[in-house]
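Step one of this worksheet: look at the structure below.
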DNA sequence: TTCCAGGCAATAC
DNA sequence: GTATTGCATGGA
């Protein structure tokens, strides 16, 4: 079936995914009990503030090759230390920053990446960065740049990840070897150019791939 | 215990 | 351009 139909079917099967997850924010999950449940299905109004925008950027870096549950802990730890901001990260000493994000893995490299991004972010002075600018930041590759563009800055930028590649190949849309640029072009050429559509598609692909894996064991 | 998770940079061809 | 390796935690 065409890719846009596949997207519609995933939406029917799994429902809206509510990406990008954010730490508990005012008015959300009032009955939440301890676990961080920052998804907001069907609500595309986030981020609603600069701190939330910056949190998404940090999450995009921290989740590189890492399970989101480990990232949640790191973000919550940074927030608790009042370090989940560009100035907070840049003014923290190495030990503080590294121990705060320890749970997200590769913590020394990621601490360096958060600092590099924070410097870049302050230099933007609120402006939306281009994809090329983001790719010029140490520690920001194609997926991280696109995630930041799509979810933090709401630019119509398709995000591809390991799951997307697997799903496109498994369902016969593409053949290996399938690199990032080709997968991105393939999807963008077949889906309506829309921020909400791109956000939902990427999140649904991840959900779909996780279910496939679970079903296979 | 092994395998994997919402990558990226450095290096070597 | 493609292939390989180091980076590191926590859950299944």
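Residue numbers (the numbering used here): 42 to 258.
Where a beta carbon is used, it is the ideal one built from N, C-alpha and C, also for glycine.
Small disclaimer: the values here were computed from a predicted structure and weren't measured.
Excluding the 5 residues flanking it on each side, residue 185 has same chain C-beta neighbours closer than 8 Å at 101, 102, 105 and 175, in chain order.
For residue 51, the enclosing alpha helix (DSSP H) covers residues 44 to 55. Excluding sequence positions up to five before and after residue 178, its CB lies within less than 7 Å of the CB of 157, 158 and 161, all in the same chain and listed in chain order. A Cβ-Cβ distance of about 5 Å is found for the pair residue 197 and residue 236, placing them in contact under the 8 Å criterion. Measuring C-alpha to C-alpha distances from residue 154 to each of 139, 45 and 144 identifies 139 as the nearest. In the three-state scheme derived from DSSP, where H, G and I count as helix and E and B as strand, residue 221 is classed as helix.
Setting aside the 5 residues that flank it on each side, residue 126 is surrounded in the same chain by 92 and 95, each with a C-beta closer than 7 Å to its C-beta; the list follows chain order. Taking 9 Å as the cut-off, the beta carbon of residue 146 is found closer than this to the beta carbon of residue 111. Taken in chain order, the whole beta strand (DSSP E) runs of length 3 or more contained in the stretch 164 to 199 number zero. For residue 112, the uninterrupted alpha helix (DSSP H) run begins and ends at 109 to 121, by DSSP. Spanning the alpha carbons of residue 117 and residue 86 requires a straight line of approximately 22 Å.
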